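What follows is a set of notes on a single structure, which appears directly below.
Protein chains: 4
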Amino acid sequence: MKERLQDLERLRVEALDSILGKPFRVLDDGFIRVIDYMGTDASIVQAARVAYGEGTKKRRQDEELIRYLMRHRHTSPFEMCEIKLHLRVPMDTWRQWIRHRTANVNEYSTRYSIAIDAAYATDPGAWRTQSASNRQGSAGFLPPETGRLLSERERELQETARSVYQERLEAGVAREQARKDLPLCTYTEAYWKIDLKNLLNFLALRMEAHAQEEIRAYATIIGEEIVSRWCPDTWKAFRDYTMESLTFSPVEQGILAALLAGDRDAAIAAAETGGWLPRREGALTFHLERYEFENKCGRLGIAPPWM
Amino acid sequence: MKERLQDLERLRVEALDSILGKPFRVLDDGFIRVIDYMGTDASIVQAARVAYGEGTKKRRQDEELIRYLMRHRHTSPFEMCEIKLHLRVPMDTWRQWIRHRTANVNEYSTRYSIAIDAAYATDPGAWRTQSASNRQGSAGFLPPETGRLLSERERELQETARSVYQERLEAGVAREQARKDLPLCTYTEAYWKIDLKNLLNFLALRMEAHAQEEIRAYATIIGEEIVSRWCPDTWKAFRDYTMESLTFSPVEQGILAALLAGDRDAAIAAAETGGWLPRREGALTFHLERYEFENKCGRLGIAPPWM
Amino acid sequence: MKERLQDLERLRVEALDSILGKPFRVLDDGFIRVIDYMGTDASIVQAARVAYGEGTKKRRQDEELIRYLMRHRHTSPFEMCEIKLHLRVPMDTWRQWIRHRTANVNEYSTRYSIAIDAAYATDPGAWRTQSASNRQGSAGFLPPETGRLLSERERELQETARSVYQERLEAGVAREQARKDLPLCTYTEAYWKIDLKNLLNFLALRMEAHAQEEIRAYATIIGEEIVSRWCPDTWKAFRDYTMESLTFSPVEQGILAALLAGDRDAAIAAAETGGWLPRREGALTFHLERYEFENKCGRLGIAPPWM
Amino acid sequence: MKERLQDLERLRVEALDSILGKPFRVLDDGFIRVIDYMGTDASIVQAARVAYGEGTKKRRQDEELIRYLMRHRHTSPFEMCEIKLHLRVPMDTWRQWIRHRTANVNEYSTRYSIAIDAAYATDPGAWRTQSASNRQGSAGFLPPETGRLLSERERELQETARSVYQERLEAGVAREQARKDLPLCTYTEAYWKIDLKNLLNFLALRMEAHAQEEIRAYATIIGEEIVSRWCPDTWKAFRDYTMESLTFSPVEQGILAALLAGDRDAAIAAAETGGWLPRREGALTFHLERYEFENKCGRLGIAPPWM
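Residue numbers (our numbering), protein chains in the order written: chain A, 1 to 307; chain B, 308 to 614; chain C, 615 to 921; chain D, 922 to 1228.
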């Protein structure tokens, strides 16, 4: 392998270099900027090939290799890429963000410095209603006349909270204590550095339909504007094999197998055996896993056999 | 080693079992409770002895071994103990807490449920003034008449914020959005599980004099009420070799060596060589590292030679 | 929530307590023993419920909740359970094991102590042939007469290696250096402590058909003998939603949708569009992803449409 | 802070770029090469300043800030730098290396490929004797005539092991099984990527006098040849505040305080109170912590008061 020991230059990605430092705007006053990065699709291939004891191959084979690694969850080569972002984000979004523990973080300190004078404000048309079907989600918007009242109250509250903060500072209260009643949606800033494998885990959870709208806005920009430029082969494989894949449990496989064999009764029987068809007074009652499968049926263009 | 393969019972700590589930109160409405734990001082010894290929020894030797491991930063055996706590803590304290990434966490969700109806309130006599010497700290208290005004304003703001939150919920706003202007000091709850090595790291940083008072209150209870009961030998070694130890850099060693040799001029010369004695118009100007050493001199009962 | 603050006792699992310390034998001289554990299925439910702000529910609902968490990869509650094992394992198996970084480890030290006098020996009938289709796998066995020769040579080599080790020790060579030519399959021992989430990741990778036989033997015992006793609901959900699930990419979904619609030509067209049907001189050539899909077809009881 | 959002170029370090890809030779057939890196001293400063809400300052202040962060164990800004190395290292050294869990790793696979045809060989003059005082260390060398015999036996054993490996492959044994009796010191290769904070932890443990000579050889090159070029201010601060610092426990502080006050009797009394002066028949017996302090006395140029 000694012939491989030639001098090197750092790998660069033209498409990412051209946006380095430029802010992508998010929400009313947030942003994401790429500060630095290490590696690219080629680094993933290189790391996999050291394992295989192999050298350089053709472009097409590199892409196939990346797709293979992604499909089979051989995730360690994706750790060989690293990216550093500069973020400006409301603290209540940041509270969700920071739950991803495998990143390096330096956040703006409101112990050391005056808090950023900006809180995330809601447009009158942007007040979301509580989802009935999903206890932790939202669905649709409140009517604009209600929204106007809510936005006006929000503005007043944020101004009051800021005044109280200023009063405290002027009275000589320590910054670490003065900040305590700022709204959760006060903006903060941070450097956030993470490897590509863990970034993809973050995106899988935060670009997903159940993630809260605000963090989804950030995650979508990271995915579609940044990772897509940085590691395009990986991004495509991630979409195919993670974001847009469908997974079926043994009960679901049984139903699918029956349907593929053209046996609708057997499909219903498989669901029955799985306990999926509880009834009250003859009518099917709600069953979460069945409901989830019905959504997958939509993706496959079929009607559930019990409907 | 086969004779070691006898049946086992789980190790228990009487002193910890007796407080399991009982809340230690912190701040005005917070608490810490031990929910479960695994291992004790004996588990640390056992893990170290598997490395050494040795079996059980005497009580005294166990304590010596723990002290040796702590002193020499052989930290992996301390990972063999694990503890799970139930916490109730203001979110702005939790923001600092969660920066310790090597723990397992499940936090109360204000997307899924109504936010806890309690915010951390400040007594009139508890408003701290900004420290002049330490940009991120506090020092002393504001006079009570100022404190009364600040506490009154705090109460009003917290009530307003809670009203706005209620209005939003009543208008049908999704919980995930309604919460956005709650004060940072709103209480949250969490289960927090961590191994003893990483817990000691947490305590070293958060029981320390520069940590913010609120998190120090929690950390001190974890250390003095919980770890001291759970792993008493480890707790004692941690105090001796981490919390109460003093560390000296090469420049400081040079000064100490000169002082021990009774040569005050050589001590001053060592400080001078280290660049510690900058002067303006003949008078010493501030030098941070010298200032820190002067504090250590206090611990050793001597006056700095340049004073 | 204050009514929840009652005293507690540690959760116990009868079925696990009854095997504590008992070795499960693996390979010719290896074992796995449970030393200690924390938590059980109920702890996972409890951690999820703190997030939901809810208390105790019925047994049946607990199981449903665990299945829901597993199905939707809400993995953090599974981190609330922790287990500690004592292992005896050949070093070349341990080399694969230790790649799982999210565990706590204390290994027997051959710097400090004499190496364990046992190397993993291969029965004449247990020599596996190199797999042709899988570059990193094995398939079938060599004939016993070849095996006898190989086992005899193995025995000689292991004896020679041990003699050389002894000679070095007798000559006064430091243990840390004397060990350097011991065979990779020399046994070692370790304590290994890990949370349930990360243990399931380990099992998903190491019980899998492509894992090397030796580590699969250990992983299978951990899963089927230990986790199944410790957290039976979790174990069942893990089997259904991870081990035995099938995942389909967008191309595969297109093929399945066409087959479910009874349109074989459209299914072939979908594969063609995905680039899955490369031909040389009219005949299909090998295509890895198509091959993988053909295996999934077997699980669904259908023939691939292009066959 | 908006004025800070200018376009960026990646930070480069001239001194590191000039050695990119060049192997530093270690042991008889090992090497270390830098493959890529992200960040430099300036990135650490930048990360700390986002916390402080401050911008660019003078060179001298940057160095002071890095020294402050290192001295006070504010380690998170050091995580903002990342480096990727290509290593060739004997497997028994790699076994120690891989215990550092906070790194990204891709290792050459001997399941997938033929094992590297090189094992670490020992020169006749390089056989180390077992340390009497340190159970896990070595001290001095065996005489060359003994060494010659040992090296000859080593050569034979390594050749035999390699022959057996070849025989197995030729007989059709799967690579994953054929490798099982290779010597522990067979060379392997890996990509190893780690952030600067965790790299410094690695160096603190592996450049240290008690680390085994082989891994110390690698660690010393990483420190003195690579980190010193990459982040020179950090490297200097690390040497001053970690590698060359001295730490004193409360008992040691008591002894030092007495000595600084010129009171030798009080110093002896402090040691006595700490239980450091056990005697048998009038003579001091061995006491580990006292012995360690005596070594520190040497660093401070004084004799222990009880000698």
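For each residue, glycine too, the CB sits at the ideal point set by N, CA and C.
Here the structure is a predicted model, which is why all the values come from computation and not from measurement.
Tell me which residue opens and which closes the alpha helix (DSSP H) that residue i is part of.
{"i": "Gly-608 of chain B", "result": "Element bounds for Gly-608 of chain B: n/a, residue is neither H nor E."}
{"i": "Ser-765 of chain C", "result": "758-785"}
{"i": "Phe-202 of chain A", "result": "196-206"}
{"i": "Phe-238 of chain A", "result": "232-238"}
{"i": "Leu-683 of chain C", "result": "673-685"}
{"i": "Thr-273 of chain A", "result": "264-273"}
{"i": "Thr-220 of chain A", "result": "213-221"}
{"i": "Leu-937 of chain D", "result": "935-938"}
{"i": "Glu-790 of chain C", "result": "789-792"}
Return the CA-CA distance between residue i and residue j, expressed in angstroms with no decimal places.
{"i": "Asp-41 of chain A", "j": "Glu-1213 of chain D", "result": "51 Å"}
{"i": "Glu-1210 of chain D", "j": "Arg-462 of chain B", "result": "55 Å"}
{"i": "Thr-527 of chain B", "j": "Arg-1032 of chain D", "result": "51 Å"}
{"i": "Gln-484 of chain B", "j": "Thr-802 of chain C", "result": "54 Å"}
{"i": "Arg-674 of chain C", "j": "Cys-911 of chain C", "result": "34 Å"}
{"i": "Leu-327 of chain B", "j": "Thr-1194 of chain D", "result": "36 Å"}
{"i": "Arg-782 of chain C", "j": "Thr-800 of chain C", "result": "17 Å"}
{"i": "Glu-1028 of chain D", "j": "Val-45 of chain A", "result": "13 Å"}
{"i": "Phe-593 of chain B", "j": "Leu-203 of chain A", "result": "48 Å"}
{"i": "Leu-860 of chain C", "j": "Phe-248 of chain A", "result": "5 Å"}
{"i": "His-688 of chain C", "j": "Ile-649 of chain C", "result": "28 Å"}
{"i": "Ala-1111 of chain D", "j": "Leu-798 of chain C", "result": "18 Å"}
List the endpoints of the continuous beta strand (DSSP E) containing residue i.
{"i": "Asp-957 of chain D", "result": "951-959"}
{"i": "Gln-1057 of chain D", "result": "Gln-1057 of chain D -> no beta strand (DSSP E), and no H or E assigned at all."}
{"i": "Leu-312 of chain B", "result": "Unbroken run through Leu-312 of chain B: none, as it is neither H nor E."}
{"i": "Glu-931 of chain C", "result": "Nothing in the structure corresponds to residue 931 of chain C, since chain C is present only between 615 and 921."}
{"i": "Leu-1167 of chain D", "result": "1167-1169"}
Since residue i sits in a beta bridge, which residues does DSSP pair it with?
{"i": "Leu-394 of chain B", "result": "B:Ile-339, B:Ala-497"}
{"i": "Phe-945 of chain D", "result": "D:Ile-953"}
{"i": "Phe-1062 of chain D", "result": "D:Arg-1049"}
{"i": "Glu-82 of chain A", "result": "A:Met-38, A:Asp-195"}
{"i": "Leu-1205 of chain D", "result": "D:Arg-1200"}
{"i": "Ile-426 of chain B", "result": "The identity of residue 426 of chain B in the sequence shown is Ala, whereas the question assumes Ile. According to DSSP, which records beta bridges pairwise, Ala-426 of chain B is partnered with B:Thr-493."}
Would you verify that the beta carbon of residue i is, or is not, closer than 8 Å to some beta carbon of chain G?
{"i": "Leu-20 of chain A", "result": "Included in the structure are the protein chains A, B, C and D, with no chain G among them."}
When the distance is taken between beta carbons, is residue j closer than 8 Å to residue i?
{"i": "Trp-920 of chain C", "j": "Leu-874 of chain C", "result": "no"}
{"i": "Leu-937 of chain D", "j": "Trp-1151 of chain D", "result": "yes"}
{"i": "Ile-255 of chain A", "j": "Ile-83 of chain A", "result": "no"}
{"i": "Leu-200 of chain A", "j": "Phe-141 of chain A", "result": "no"}
{"i": "Glu-1135 of chain D", "j": "Thr-1014 of chain D", "result": "yes"}
{"i": "Gly-1058 of chain D", "j": "Arg-1009 of chain D", "result": "no"}
{"i": "Ala-422 of chain B", "j": "Leu-489 of chain B", "result": "yes"}
{"i": "Val-480 of chain B", "j": "Thr-160 of chain A", "result": "no"}
{"i": "Leu-503 of chain B", "j": "Gln-1174 of chain D", "result": "no"}
{"i": "Ala-665 of chain C", "j": "Ser-416 of chain B", "result": "yes"}
What residues in its chain sit with their C-beta under 7 Å from that of residue i, if we drop five residues either side in the sequence?
{"i": "Arg-4 of chain A", "result": "Gly-55"}
{"i": "Leu-318 of chain B", "result": "Gly-346, Thr-347, Ala-349, Ser-350"}
{"i": "Ala-969 of chain D", "result": "Leu-986, Leu-990, Pro-998"}
{"i": "Glu-984 of chain D", "result": "Asp-1154"}
Enumerate in chain order the residues of its own chain whose CB-to-CB distance from residue i is below 8 Å, with the five nearest sequence positions on each side excluded.
{"i": "Ala-118 of chain A", "result": "Asp-29, Thr-186, Tyr-187"}
{"i": "Tyr-779 of chain C", "result": "Ala-729, Ala-792, Arg-793, Asp-795, Leu-796"}
{"i": "Thr-549 of chain B", "result": "Met-377, Leu-507, Ala-511"}
By Cβ distance, which residues of its chain are closer than 6 Å to residue i, with the 5 residues on each side in sequence left out?
{"i": "Ala-880 of chain C", "result": "Ala-872"}
{"i": "Gly-454 of chain B", "result": "Pro-431, Gly-432, Trp-434"}
{"i": "Thr-716 of chain C", "result": "Asn-812"}
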